[in-house]
Amino acid sequence: MTKNKQISSHRISSEDVDQLKDISGVNVYACYQCGNCSSACPAVEFMDIPPHQVIRMVQLGFIDELVKSETPWICAACITCTVKCPRGVDIARVMEGLRQLVLRSDFEHGNLCDIDEKLRKKLPQIALIGNFRKTIL
Amino acid sequence: MFEPRIVAFFCKWCTSAGADLAGTSRMTYKPNITGIRVMCSSRVDPEHILDAFKNGADGVLIGGCHPGDCHYQSGNYQALKRVKLLKKMIKDLNINENRLRLEWISAAEGKRFTEVVDEFTEEIRKLGHIQYTVL
Amino acid sequence: MQLSYYPGCTLKTDAKNFEKSALAVLEHLGVSVDELADWYCCGVCFSQTRDNLMQQIAPVRTLVKAKESGNRQLLALCTMCYNTLKRSIEFIKDDAEKMETIHQFMDLETTQFYGNEVDVVDILTLIKQIGLEKLKNSIVKTDAGLKIASYYGCMLLRPKEIAIDSPDDPVIMEEILASAGCENVYFPFRTECCGSYQIVNEPEIVKDRTRKIVGSAVKNGADLMVMLCPLCYFNLDEIQQDIQKEDKSFQTIPVLYITQLLALLMGLKPDIHDFSLHSIDPRPVLKMKGLL
Amino acid sequence: MTKPKVAFYWCASCGGCEEAVVDLAEDILKVVDAIDIVLWPVAMDFKKSDIEAMADGSIAVSFINGSVRTSEQDEWVKLLRKKSGLVVAFGACSHLGGIPGLANLSSRQQLLDTVYVQVPTVNNPNKIYPQTICTVAEGELELPAIHEEVRTLDQVIDVDYYLPGCAPPPNLIMDAVLAILSGNLPEKGTVLALDKSLCDTCPRKESKPDKLKISDVKRISMTIIPEDKCFLAEGVICLGPATRSGCGERCINANMPCRGCFGPTKAVQDQGAKFLSGFSSLFDSEDEAEINAFAESVIDPAGLFYMFSLASSLKAKFHDRS
Amino acid sequence: MKKIGVFVCHCGINIASTVDIPKLVEDLKNYPGVAYIQDYKYMCSDPGQTLVKEKIKSEKLDAIVVAACSPTLHENTFRMAVQTVDMNPYNCEIANIREQCSWVHKNITEATEKAKRIIKSVVEKALLDEDLEPVKVPVTRKALVLGGGIAGIQSALSIANSGYDVILVERQSSIGGRMAQLSETFPTLDCSQCILTPKMVDAGQHENIRLMTYSELEDISGFVGNFKVKIKQKAKYVNWDKCTGCGLCIEKCPKKVPSEFDQGLGKRKAVYTPFPQAVPNKPVIDCENCTYFKTGKCRLCEKVCPFDAIDFNETESFIEEEVGAIVVATGYDVYPVLNMSEYGGGKIPDVIDGLTFERILSASGPSGGEVRRPSDGKIPKEIVFIKCVGSRDPENHYPYCSKICCMYTTKHAMLYKHRVHDGQPYIFYMDVRAGGKGYEEFYQRAQEEDKVVFLRGKVSKVYQDDDKVVVCGIDTLSGSNVEIRADLVVLAMAIRPSKGIEELAQLLKISIDQNGFLTEAHPKLRPVESLSAGIYLAGCAQAPKDIPDTVAQATATAAMVLNLFSREYLLHEPIITGVDEELCSGCGLCIAVCPYDARKTNREKGVVEVNEILCEACGACAAACPSGAAQQRNFTDTQFSNMVKAILAE
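From first to last, the protein sequence lines stand for chains A, B, C, D and E. Mapping of the first sequence onto the working numbering: residues 4 to 140, in sequence order. Mapping of the second sequence onto the working numbering: residues 26 to 160, in sequence order. Mapping of the third sequence onto the working numbering: residues 7 to 298, in sequence order. Mapping of the fourth sequence onto the working numbering: residues 2 to 323, in sequence order. Mapping of the fifth sequence onto the working numbering: residues 9 to 658, in sequence order.
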């Protein structure tokens with residue numbers, strides 16, 4: 004995140020941003036960057052971009068970087084961020100929106116074969132189905 | 026060319042002051058309109074408006090303060106309520122509803138005042154003379 | 007009281023002990039449930055997209071079945087199912103257009119569902135509804151002296167619209183356990199996520215969470231940890247052993263479904279518990295406390 | 002002493018006003034005793050020529066009901082004016098235009114089209130309309146022409162007094178007749194009823210809240226109205242506040258809101274506009290969308306607010322549709 | 009018909025260049041009612057005014073119409089002038105043929121025709137204008153100040169110093185309010201009590217101030233200049249006339265309860281003064297905690313009182329007063345920490361609010377100014393301050409900024425550092441709002457000199473771990489989550505208007521905004537007035553504000569009150585809307601449209617009555633009246649109807 008980034012009106016109101024808004028239905032502009040979402044996120048240590056920065060990047064239109072990020076795939080949809088947000092931003096929906104942006108461009112993130120076999124045999128159905136619901140369209 | 030006759034009611038605090046500003050700024054507008062100064066747009070009674078139509082007015086304009094700016098807190102909303110229902114009713118009376126207009130014009134909106142008056146005058150001009158028979 | 011019951015996939019397999027103990031507890035409290043004749047997968051994780059109504063078909067199908075059953079209430083034991091079904095209702099209710107679209111996708115279902123005809127209920131709320139006094143009276147082992155850490159997880163508390171209690175500071179499990187004669191242990195991580203389905207992709211997250219959650223419960227002096235979610239259960243029970251392999255100082259704690267504990271306190275026959283399904287064997291503690 | 006000559010005449014009306022005279026019951030005998038009826042088409046046979054033959058001013062008083070909308074009515078009322086000392090506009094139609102006055106919302110052609118062609122039960126494939134001249138075997142007949150406009154009596158002739166109501170209540174008729182017979186007459190142009198609006202005598206006035214506000218408009222046909230509650234407070238349109246009192250609250254007592262047949266009070270010219278102004282003020286909102294919805298929810302405001310007074314309130318018939 | 013004189017002003021060439029004045033005069037000469045018409049170059053000049061006055065006399069005119077510039081400019085001029093020749097000023101009307109005619113039209117014919125229409129319509133108005141006298145309202149020159157905090161004290165003193173009587177009503181037994189609880193004040197760090205107590209004493213001893221503590225407003229009626237108020241004094245069980253404030257009863261009272269003044273940290277007795285410098289310095293008995301009231305035994309205070317001042321039979325009492333103006337300065341409460349379950353509020357003893365920390369810092373506080381934490385009395389070495397707790401949180405708490413927290417939290421951290429030199433203060437913040445004289449410098453000093461660590465981000469969770477309070481937050485500037493094992497956590501809780509503000513607002517008929525604060529008449533130009541005439545607002549009851557702003561606003565309320573009191577009568581525009589009782593049926597449609605509650609139904613008479621003093625002459629009710637009984641004076645329906653006809657007449 005040290006590289007200079009160009010900010011422009013074109014980027015801030017790009018089609019990608021609109022599509023994300025359509026999928027998620029979230030008004031990201033209510034965010035005032037208190038960071039409570041990141042502070043409360045149980046998986047933030049595993050993320051490359053913390054949730055509050057994700058929202059900031061949506062505000063600035065950096066969707067191309069977000070779709071490359073691991074963050075949406077680390078998110079477990081526990082909704083803690085949404086509940087904690089003082090401004091009513093549904094961050095969890097934004098994460099879902101980012102996953103969908105990737106999945107709808109014909110890219111599947113999950114793969115049964117990648118799972119450790121020993122673990123796979125033990126896993127309850129809800130773990131597997133839950134995971135695939137979020138990683139395969 | 027048909028010269029419409031337009032009666033207007035302007036609230037003292039906003040629209041009449043806006044009209045004064047248009048004058049002080051030496052803006053010009055169509056002379057077809059003649060204003061009556063009222064304390065508040067809420068004083069304008071539909072009876073006065075129909076009086077105007079009955080006596081041959083081709084258009085009636087009411088000017089009040091913008092919502093939230095009324096000198097009397099809520100008078101402009103009273104005007105709004107009355108005009109909304111009145112527009113519906115005059116349509117049934119066979120008076121074109123566009124002959125009646127309510128506009129919010131503030132004391133600072135001299136320019137807007139002239140634009141509203143000119144635009145309204147032209148609209149009424151297009152509508153032509155109001156048609157009625159005296160009973 | 008008559009209500010419909012929706013088991014969901016895991017309660018028929020890995021969480022058999024949850025289903026058996028829950029139904030036994032309810033029966034003991036005088037409530038019988040009708041399992042939906044023909045139920046479908048709930049969809050597991052509620053789709054949070056606004057624009058894709060296809061995702062809602064799975065839960066709506068089940069809700070249609072529930073409406074057809076004629077019972078107003080639908081019990082969902084699995085918290086994932088509870089969350090998905092309840093959020094589906096929130097998403098579609100009062101929106102005729104959405105419902106219309108969803109119905110167009112469903113050829114076999116003839117019943118129209120509008121969103122308000124079925125109440126999805128979880129077992130904690132149901133027990134409170136039956137009455138804490140009644141619960142108290144049904145307890146036979148009143149002097150077990152158990153210190154219990156109640157773990158809520160996410161699905162019953164979030165988002166706010168479907169929360170069964172305060173998302174920040176819930177008390178319903180503690181209330182129930184206090185009525186059942188247990189001592190409650192408050193620990194700061196009782197509402198924090200266990201890592202959920204990320205066990206599949208990123209088991210490290212779950213390990214990290216388990217270490218925090220279990221560690222905190224142990225530190226605050228709990229004998230047992232109870233919960234309701236089969237996925238939390240798997241994550242917190244199964245992973246404890248993995249952590250202990252890496253870190254000998256890590257102290258484990260047995261994990262039970264809250265209904266298992268209630269059944270034991272009610273003196274119901276122990277064969278419903280399937281203790282073999284537990285990774286951390288709770289029997290030593292239970293024996294020590296005189297519950298087995 | 003000769004009894005004063007009195008004429009009753011009917012123009013465009015329903016006949017209810019004639020009934021109202023009959024409704025005087027036994028009192029009618031007193032009236033008949035005291036006067037000499039020279040014209041009463043509904044009850045007795047007189048010819049126009051009989052009246053024409055009378056000296057100008059020889060009829061003490063003519064009671065004329067109904068509004069004026071045909072050439073025949075026009076001729077008759079002018080004739081009676083000439084022959085009468087006093088003319089009393091009897092009932093809402095002659096006073097205000099009444100229900101027939103609502104015809105001024107449409108053109109004559111529209112009305113004829115509706116009645117003679119468009120009504121589903123009418124079978125008139127050749128679109129035959131009534132004609133004023135008609136040739137029959139005996140020769141040519143002339144029928145009265147229907148005017149383009151409906152007028153109140155005072156829009157055609159000078160009127161001395163007004164007896165309001167649809168129909169006027171017997172006690173007001175009796176009071177008026179007695180006043181005329183005794184010569185104890187008020188100022189010319191007076192409406193022979195109370196000066197305050199109906200709320201003054203309304204049996205439900207005590208139920209009115211201190212601050213009257215409404216959040217939606219209810220239609221009578223779709224509302225159960227409590228028998229003791231102010232209609233307006235319940236959101237039901239009642240013209241009571243804009244209508245002269247004196248009717249005996251007959252509608253209110255039958256759990257029907259006031260429709261305005263007594264016309265406005267003397268300080269008001271335009272009953273409909275005045276009522277609209279007061280009524281819209283009641284709406285408790287400052288939200289433009291809600292205000293729009295409120296205006297939309299008032300069905301047929303012109304018909305409702307001017308039900309009886311269209312012709313007298315507007316004093317003009319607009320045909321400005323564009 | 010009235011005789012109207014029309015005076016047409018040329019305004020130099022301003023009117024005369026576009027309006028054909030000779031033609032205008034010629035055409036209007038015979039207009040019905042126009043008895044005299046004359047034009048003049050500058051009608052507003054002295055000779056012009058003289059001309060008008062002379063003609064009124066010589067032509068025996070009943071009313072005049074001056075056709076000139078906007079009435080905003082010279083209506084008053086001419087109305088003053090006509091009064092000198094005994095014409096009622098309301099018979100003088102202005103026809104605006106400059107701003108709304110000659111200046112905005114170019115074509116002479118058109119402008120002349122329009123000027124004619126304007127003048128004719130104003131002539132029609134003048135024909136039916138009545139003589140009117142301004143409504144004279146007497147003024148009771150006594151003020152009521154509600155609330156005895158710094159705002160109320162400042163307002164009361166400023167009014168009293170000008171020679172007028174003030175009743176200062178305070179709910180507690182002593183004045184002083186929140187400011188008395190504070191330790192030092194930002195940005196100067198002078199001792200709050202040191203600057204406040206002299207003012208309290210002044211207020212207590214002022215010959216024009218009647219202190220009514222332990223009292224509340226019970227009822228009010230009337231209007232500006234003429235309010236009637238009823239004040240309730242709660243039962244004190246101590247006869248203050250006899251009591252000298254010696255304190256013996258307090259000393260001997262065996263019952264101790266947590267002190268509200270010390271935020272529950274210290275104790276007080278059941279008979280008590282809230283703090284030693286109380287004004288008046290006389291105790292009250294808290295009957296909820298008094299042993300005698302609870303058990304029927306004790307009465308120790310009664311026994312020891314040398315003045316026989318204890319009176320267990322005392323009841324609440326009421327006084328009724330007439331006042332001309334009211335200042336509402338009821339202050340604020342701190343949003344309770346109990347509402348912050350995620351921060352352990354109410355559960356963790358070492359999570360406290362800022363006001364409690366003020367008491368900890370205060371030299372007169374329960375720990376004598378030593379910073380010790382509530383749980384075990386240890387000196388905290390790591391201390392975390394969290395800002396915006398409950399504020400700026402529309403989802404869960406309050407949407408507004410509480411304004412004072414940025415500065416007082418900075419001050420807290422600084423004062424802590426001054427007391428505990430080896431301690432480390434941390435402040436979690438979202439924004440630092442340090443707009444104020446010396447505020448930014450103060451904030452800089454905290455960072456540079458006192459090494460206060462500012463962390464930009466919110467805290468998601470606070471929990472107890474052994475004897476530490478663990479704070480889990482984020483520093484968004486470094487992008488990392490942070491965890492601090494603190495000894496004490498201070499929450500800068502939101503502030504909100506004092507309890508009971510809704511009831512008070514209802515009683516006073518003033519409005520409150522969506523957050524519960526009192527609404528000012530105009531956010532910029534009338535910031536100390538309420539929407540009800542004669543009622544003024546000061547301090548945090550109107551919005552969160554710090555001491556300097558509070559004092560400034562309180563002083564401004566005094567200016568408003570004095571302005572009111574400087575007048576012998578209040579003159580009220582007489583163009584109010586009256587009621588013709590002969591016509592009014594009491595339908596009540598006019599009542600709800602009145603924004604000033606000036607109209608009420610007299611059910612006995614069956615008519616609506618208007619309070620002429622409350623009526624502000626908008627005329628909304630006249631338009632709403634369906635029977636024509638409500639008519640605005642000199643703006644009657646007939647006048648409007650005639651004006652419209654005059655404009656439209658060919």
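Glycine included, C-beta positions come from ideal geometry on N, C-alpha and C.
Along the beta strand (DSSP E) that carries residue 558(E), what are the first and last residues, could you check?
-> Where residue 558(E) is concerned, there is no enclosing beta strand (DSSP E), although the alpha helix (DSSP H) it sits in stretches over 555-573.
query: Would residue 290(C) be called buried (16 or more neighbouring beta carbons within 10 Å of its own) or exposed?
result: exposed
Q: Leaving out five residues on either side along the sequence, give the residues of the same chain with a beta carbon under 7 Å from the beta carbon of residue 198(D).
A: 241, 242, 243, 244, 245, 246 and 266
Exercise. What did DSSP end up calling residue 71(D) once you bin it into helix, strand or coil?
Worked result: strand
What is the rounded straight-line gap between the Cα of residue 180(E) and the Cα of residue 64(B)? 46 Å
> How about residue 337(E) and residue 160(E): are their beta carbons less than 8 Å apart?
Replying inline: yes
- Does DSSP classify residue 485(E) as helix, strand or coil? coil
Checklist line | Within-8 Å CB hit, residue 131(B) to chain E | finding: no
For residue 266(E), report the span of its beta strand (DSSP E) as first-last. 264-266
message: Under DSSP, the alpha helix (DSSP H) around residue 76(A) begins and ends at which residues?
response: 74-77
Coarse secondary structure for residue 11(E), derived from DSSP in three states
coil
Taking only the alpha-carbon atoms, compute the straight-line gap between residue 406(E) and residue 285(E) and give it to the nearest angstrom.
-> 34 Å
Within a Cβ cutoff of 6 Å, which residues of the same chain sit near residue 244(C), ignoring the five residues on either side of it in sequence? 285
Check the DSSP bridge columns for residue 96(A) and list the partner residues they point to. None, per the DSSP bridge assignment.
Discussion item. Between residue 39(A) and chain C, is the shortest Cβ-Cβ distance under 8 Å, so that the two count as touching?
Written reply: no
Worksheet item: What's the gap between the Cα of residue 295(C) and the Cα of residue 254(C)?
Response: 26 Å
If the criterion is Cβ atoms closer than 8 Å, does the pair residue 506(E) and residue 339(E) meet it? yes
- Query: With 16 other CB atoms within 10 Å as the buried threshold, where does residue 81(C) fall?
  - Reply: buried
| query | Which residues, in chain order, does the region 581-593 of chain E contribute to contact with chain C at a C-beta distance below 9 Å? | reply | none
query: Three-state secondary structure (DSSP) at residue 118(B)?
result: coil
- Please decide whether residue 2(A) counts as near chain C, where near means a Cβ-Cβ distance under 8 Å. Any answer about residue 2(A) is impossible in this case: the structure gives chain A only from 4 up to 140.
### Task
Give the residues from the region 56-84 of chain A that approach chain C closer than 9 Å (Cβ to any Cβ), ordered along the chain.
76, 77, 78, 79, 80, 81, 82 and 83
If contact is defined by three or more beta carbon pairs under 8 Å, each pair taking one atom from either stretch, is the region 26-40 of chain B in contact with the region 51-71 of chain B? yes
Original post:
Starting from residue 276(E) and walking both ways along the alpha helix (DSSP H), at which residues does that stretch end?
Top reply: Run containing residue 276(E): none in the alpha helix (DSSP H); it sits in the beta strand (DSSP E), 275-277.
* Report, in whole angstroms, the separation of the C-beta atoms of residue 317(E) and residue 250(E), which I expect to be a contact under 8 Å. => 4 Å
Near residue 33(C), which residues of its chain fall below 8 Å by C-beta distance, leaving aside the five closest residues on each side in sequence?
none
Residues that DSSP places opposite residue 340(E) in a beta bridge
505(E)
| request: Starting from residue 66(D), follow its DSSP beta bridges and name the residues at the other end. | output: 11(D) and 91(D)
- Query: Taking Cβ positions only, does residue 47(A) come closer than 8 Å to chain C?
  - Reply: no
- Task: Using the Cα positions of residue 4(A) and residue 395(E), report the straight-line distance between them to the nearest angstrom.
- Result: Any reading at residue 4(A) must be qualified, since the residue scores a pLDDT of 49, below 50, and its modelled position is unreliable; no value is offered.
Quiz item: Got a sec: is the Cβ-Cβ distance from residue 599(E) to anything in chain A below 8 Å?
Solution: no
Report task. Write down the C-beta distance between residue 175(D) and residue 25(D) rounded to the nearest angstrom, noting that I regard them as a contact closer than 8 Å. Result -> 6 Å
Legend entry - Stretch-stretch touch, CB-based, cutoff 8 Å, three pairs: the region 112-129 of chain D with the region 19-39 of chain D: no
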